[in-house]
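A.B. asks: Below are the structure tokens for one structure; questions will follow.
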Amino acid sequence: MRTGNLTTWLLRGTYPRLYVSIVAIILLVTGVRYHYLLAAETDEALQQGSTELRRASDPLQLRLAAEPAPDADTVTRILNEGLAQAAPAVASIKWQAADQPAIEVTALSYPANAPKWFADWLDLSAPVQQSGFALADGTLGRLTVTAHPQPLADQVWATVLVQARISALNIFTIFFLLTLLLRANARMLQRLAQATDAFRQGYLSTRMEVTGTLESRAMAETFNDMAGKVQSLVLSLHETQRQQSEQLHFTRQLIDALPLPVFVRHADGTYLDANRAWQRLFQSQPGADGVAGASLPAELAPERSARIASAHDNEIRIRPPHQPPLDMAYFEAPFTSTNGELAGTIGTLVDVTERKRAQEALRAEKERAEVTLASIGDGVITTDLGGRIETINEAAQLMTGFTADQALGRQLDDVFRLYEEPASRTASAAAERDTQPGGLQQATYEVLIHRSGERYAIEYTAAAIREGSGHAAGCVLVFRDVTETRNLRHQISWHARHDALTGLYNRAALAEKLTHALFVARNKQLLLAVCMLDLDHFQAVNDTFGQRVGDRLLKEVARRLGAFITAHEAVARMGGDEFVLLLGEQPDVPAIEARLAVLMQQLAAPYAIDDRLVNITVSIGVAVFPQDDANPDTLLRHADQAMCQAKSFGRNQLHVFDVQHDHAVQTQHTRQTRVARALHAGELVLHYQPKVNLRTGEIIGLEALLRWQHPQEGLLGPQHVLPLVEDTDLQVELGEWVLRQALAQMRVWSDAGMGWEVSVNIAAPHFHRPNFVQRLKDILHTCPEVSPSRLELEILESAALEDMQYMRRMMQSCQALGVRFALDDFGTGFSSLSYLKRLPAETIKIDQSFVRGILEDGDDLTLVKAIVALAAAFHRHVVAEGVETAEHCAKLLELGCERAQGYGIARPMPAADVLPWARDHAARHAARAVQEAARRPAST
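The numbering used here numbers the first residue of the sequence shown as 1173 and each following residue consecutively.
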């Protein structure tokens, strides 16, 4: 019956009605989706049509505008060519010039893919592109390009078809999955009904098979879990009954296994039971009614046992039959029935006979300890918790001045008087500490005041005296006289931190003082001066007057230094005739210099040693913190460097360490070392930038440019190398390396049939070297295959003007070898006609800062025009640097400058890329020449 109802519910219930809701939702979503899809696709088709019209219209405008005076045939030909090249969507092109008839060309009809009803329903208007412009002769005209609406409708129809197929597949999938879900749900409910009926009929082991969908498996697992719990509950009822009987048996065995005698007594006073330990103690056997009354001690009668168990002293003496008396502690506790009423009492006895004997032994041991303490050399005092003295041995009596009769019962602080902290405080703290028995106690050093007022340096320890329960019962103090030991320790400590000769701090103490001084200076934000002092010509004093006079002189210098410093400053002897002075809390460097000037005057005053006067001066080096923000060792090293610098100035001088100069020197040296390592490791390379004739396209040469192939940072420009080697020998080595590399590369190109010239930049310091010409000659001899006339040396105009006569002689000497010259960055220096006339350079290179601005800046244009004219007047070649666009090239040709280089022509490239680039450049120039030749006849 239930199965039939379930089937009816499945067929007519909630799940079938889901189909109606899902169908409505699908229809609604599909309608909305296709509404927006058609709108979006229509807009996109119209935009695409407009784009195609612009693509067809723009080239036609350029061609029509380029015609000087087109006739109707020319216009028709141009329109037909534009229509042929345009997209298939273009329907017609129409040209209307002022006062002339319109010319229109029309494309063939476009085949339709979309149904006519769909195109009519979309109602797409034909896109039209109109543009007006003037022809070369000034005539105004209008160009109209019209598109077919049919391709736009076809594009929308294709998109709708694709989306329709996808939507149909999605809808079919949804309904297919819903059908599978309903069938799985029906099978699951049928299995549940069958299992429920079997379980209700008493088959408790019935379980559902865990198969099917996730829901089916979850329902089966839930049913099986419930069935298992019900089955377990029934089985546990039987198990509980069995355990209850076993518990009673176990309880009896447990009581008998206890080593303590235990008995159970009813609430009315009758004895119910006793364990085997009780029976063995009293040698009794249980009767039918429990334990016989005659076998129980009289003290454990019901009217007395409760009072004994609740008393503080619950011990009684038991006399078992045929055994010696035993001291026993009695404990009892009531027990109740299940309803909470008092059912009786459980009592037990604990044997404390051995504990009693141990307490007696402890008392005897205490007496022996007192005798032992009286015979040792350390002072021992014991007190109670109130701090009153209980015992004091003979050694303690001698050191405190109190006899035992005078001290016993008095407060500890009255007898054991300490100079700083009362002893009672230490004793209280010791009593509160949870100390381990036998553990070492930390000794405290103090000054003990004798009854007579005499004082002793002592060390003492305080420890708690604890009872067996662990509670403190008092305190014991053990102390000894350490006056001699303390004096010896002070002497050792002083020698460890002071110089034996002068009494000043030594190196170890100076390190501590300097660390503390740095901390104070950092917190107060004031300056700290670390001063290194060295006596001038001290060795001469030792050689002249002997070492004894030298030692006396060092002592006097130390005395004056000690008198000079204030309380927050320090002085130390580093060894020999070197001293270190720490001047803290200084406002500025001039204040430090003023103080040290006073010190130098004081130290320069004559020293009276025996019957002679000794004169000596001092050189001082200073490191100032935090201007020199370094660690203590570095500060001392910097002060020592500054002191050496002061000595190099002639002694009796003061020099302050220059932090910035030192850092700059170290950084510069490190970078120069890295560049030298890069040069020797082959990390430096040359890239070449072509120079071309803008009119003919011929490659007239290349400029060698330095690059650094850094292993971590990649390819770096010359700005990362050249500033680091200025005015150094490495600059010369680098310049000669560039010359050798350029000549070697020129030899490779010569073997490939390319006789290009190569320009190399030469630094002014390198060029001014007296042996430059000879070194250049030697380098040229290493490549005899390369003609010297193909090597061009570029020198900066500003460097050439520094010494005109010398530069002229050097350039003529190099030209005698066949080498040519170029003035680089011309126009940035003090250019004049006389300079250009006197400098025998074959080429002038216009600086790129002027070339880049010739299109916008009138001043740059005028300057470049003047330089070109000046070069032509003096019969010099001119090369424009920094050419970046084709407009720059055209403008330079217009100005008469045919030679140029720059990113607009080619970027600097590795030597291996030059030949491929040259071939591509020649091909491009040849193609451009052919196009121009073909265009000229057409234009005529």
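We treat Cβ as the ideally placed atom computed from N, Cα and C, and that holds for glycine.
In whole angstroms, what separates the C-alpha of asparagine 1678 from that of threonine 1845?
C.D. replies: 39 Å
A.B. asks: Classify histidine 1688 as helix, strand or coil using the three-state DSSP reduction.
C.D. replies: In this structure, histidine 1688 counts as helix in the three-state DSSP scheme.
A.B. asks: Classify histidine 1667 as buried or exposed, calling it buried when 16 or more other Cβ atoms lie within 10 Å of its own Cβ.
C.D. replies: exposed
A.B. asks: Can you give me the C-alpha to C-alpha distance between glutamate 1224 and glutamate 1239, rounded to a whole angstrom?
C.D. replies: 24 Å
A.B. asks: Starting from the N-terminal side, write out each stretch of the beta strand (DSSP E) that is 3 residues or longer and does not extend beyond the segment 1533–1564.
C.D. replies: 1551–1556, 1561–1564
A.B. asks: Under 6 Å Cβ to Cβ from valine 1277, same chain only, skipping five residues before and after it: list those, please.
C.D. replies: Leu1251, Asn1252, Leu1255, Ile1265
A.B. asks: What is the DSSP secondary structure of histidine 1859, reduced to helix, strand or coil?
C.D. replies: strand
A.B. asks: Quick one: grab the DSSP three-state call for methionine 1979.
C.D. replies: helix
A.B. asks: State yes or no: is the C-beta of leucine 1968 within less than 8 Å of the C-beta of alanine 1936?
C.D. replies: Contact: yes.
A.B. asks: Compare the Cα-Cα distances from arginine 2113 to each of Leu2067, Ala1319, Val2040, Asp1577 and report the closest residue.
C.D. replies: Outside the modelled stretch of the chain, which goes from 1173 to 2112, sits residue 2113, for which no answer is possible.
A.B. asks: State the DSSP-derived secondary structure class of glutamate 1411, mapped to helix, strand or coil.
C.D. replies: Helix at glutamate 1411.
A.B. asks: Over the uninterrupted beta strand (DSSP E) stretch that includes tryptophan 1666, give me the two end residues.
C.D. replies: No beta strand (DSSP E) holds tryptophan 1666; the alpha helix (DSSP H) holding it covers 1655–1669.
A.B. asks: Tell me the residue span of the alpha helix (DSSP H) that contains glycine 1516.
C.D. replies: No alpha helix (DSSP H) holds glycine 1516; the beta strand (DSSP E) holding it covers 1514–1523.
A.B. asks: Out of curiosity, what's the CA-to-CA distance linking aspartate 1461 and arginine 1448?
C.D. replies: Here the model assigns aspartate 1461 a pLDDT of 47, short of 50, so the residue's position is not dependable, and the following value carries that caveat. Taking the straight line joining both Cα atoms gives about 16 Å.
A.B. asks: Give every residue of the same chain whose Cβ lies closer than 7 Å to the Cβ of alanine 1515, excluding the five residues on either side of it in the sequence, and list them in chain order.
C.D. replies: If we look at alanine 1515 and ignore the five residues flanking it on each side, its Cβ neighbours are Ala1439, Phe1507, Thr1508, Ser1509.
A.B. asks: Please name the residue or residues paired with serine 1922 in a DSSP beta bridge.
C.D. replies: Its beta-bridge partners do not exist; DSSP assigns none.
A.B. asks: Out of Asp1708, Leu1707, Phe1691, which has the shortest C-alpha to C-alpha gap to leucine 1700?
C.D. replies: Phe1691
A.B. asks: For a quick check, are the C-beta atoms of lysine 2009 and glutamate 1966 less than 8 Å apart?
C.D. replies: Between lysine 2009 and glutamate 1966, the C-beta gap is not smaller than 8 Å, which leaves the two residues out of contact.
A.B. asks: Might you give, ordered along the chain, the residues of its own chain that have their beta carbon closer than 7 Å to the beta carbon of leucine 2065, omitting 5 neighbours on each side?
C.D. replies: Leu1866, Arg1867
A.B. asks: Kindly list the residues whose CB is nearer than 6 Å to the CB of leucine 1686, restricted to its own chain and excluding five residues on each side of it in sequence; keep chain order.
C.D. replies: Contacts found: Pro1804.
A.B. asks: So what's aspartate 2029 in DSSP terms, helix, strand or just coil?
C.D. replies: Coil at aspartate 2029, not helix or strand.
A.B. asks: What residues are listed by DSSP as bridge partners for leucine 1733?
C.D. replies: Note: leucine 1733 sits in no beta bridge, so no partner.
A.B. asks: Any heavy atom of the ligand MN closer than 7 Å to the beta-carbon of arginine 2100?
C.D. replies: Absence of the ligand MN is noted for the structure shown, with no ligands found whatsoever.
A.B. asks: So, for glycine 1610: in the same chain, excluding its five sequence neighbours on each side, which residues have a beta-carbon less than 8 Å away from its beta-carbon?
C.D. replies: Low per-residue confidence applies at glycine 1610: pLDDT is 47, beneath 50, and the placement is therefore not dependable, though the value from the model is reported in the following sentence. Nothing listed; no residue qualifies.
A.B. asks: Cα separation between aspartate 1445 and glycine 1642?
C.D. replies: 38 Å
A.B. asks: With the cut-off set at 8 Å, would you say arginine 2024 and valine 2051 are in Cβ contact?
C.D. replies: no
A.B. asks: I need the DSSP call for alanine 1780, collapsed to helix, strand or coil.
C.D. replies: Note: alanine 1780 maps to strand in three-state DSSP.
A.B. asks: On the three-state DSSP scale, how would you describe proline 1469?
C.D. replies: coil
A.B. asks: Strictly by DSSP, which residues pair up with alanine 1712?
C.D. replies: Paired residue(s): none; alanine 1712 is not in a bridge.
A.B. asks: What beta strand (DSSP E) runs, 3 residues minimum, are completely inside the segment 1346–1433?
C.D. replies: none
A.B. asks: Verify whether the separation of the beta carbon atoms of serine 1377 and alanine 1356 is less than 8 Å.
C.D. replies: Note that the C-beta distance between serine 1377 and alanine 1356 is not below 8 Å.
A.B. asks: Is the Cβ-Cβ distance between aspartate 1671 and arginine 1745 less than 8 Å?
C.D. replies: yes
A.B. asks: Where histidine 2093 and leucine 1333 are concerned, what is the direct C-alpha to C-alpha distance, given to the nearest angstrom?
C.D. replies: 52 Å
A.B. asks: Please classify arginine 1424: is it buried, with 16 or more other beta-carbons within 10 angstroms of its beta-carbon, or exposed?
C.D. replies: Taking all protein chains in view, the Cβ of arginine 1424 is surrounded by fewer than 16 other Cβ atoms within 10 Å, so the residue is classified as exposed.
A.B. asks: Report the residue from Glu1757, Arg1732, Asp1706, Leu1753 whose alpha carbon sits nearest the alpha carbon of lysine 1696.
C.D. replies: For the residues Glu1757, Arg1732, Asp1706, Leu1753, the minimum Cα distance to lysine 1696 belongs to Glu1757.
A.B. asks: What separation, rounded to the nearest whole angstrom, lies between the Cα atoms of glutamate 1213 and leucine 1350?
C.D. replies: The straight-line gap separating the alpha-carbon atoms of glutamate 1213 and leucine 1350 is approximately 33 Å.
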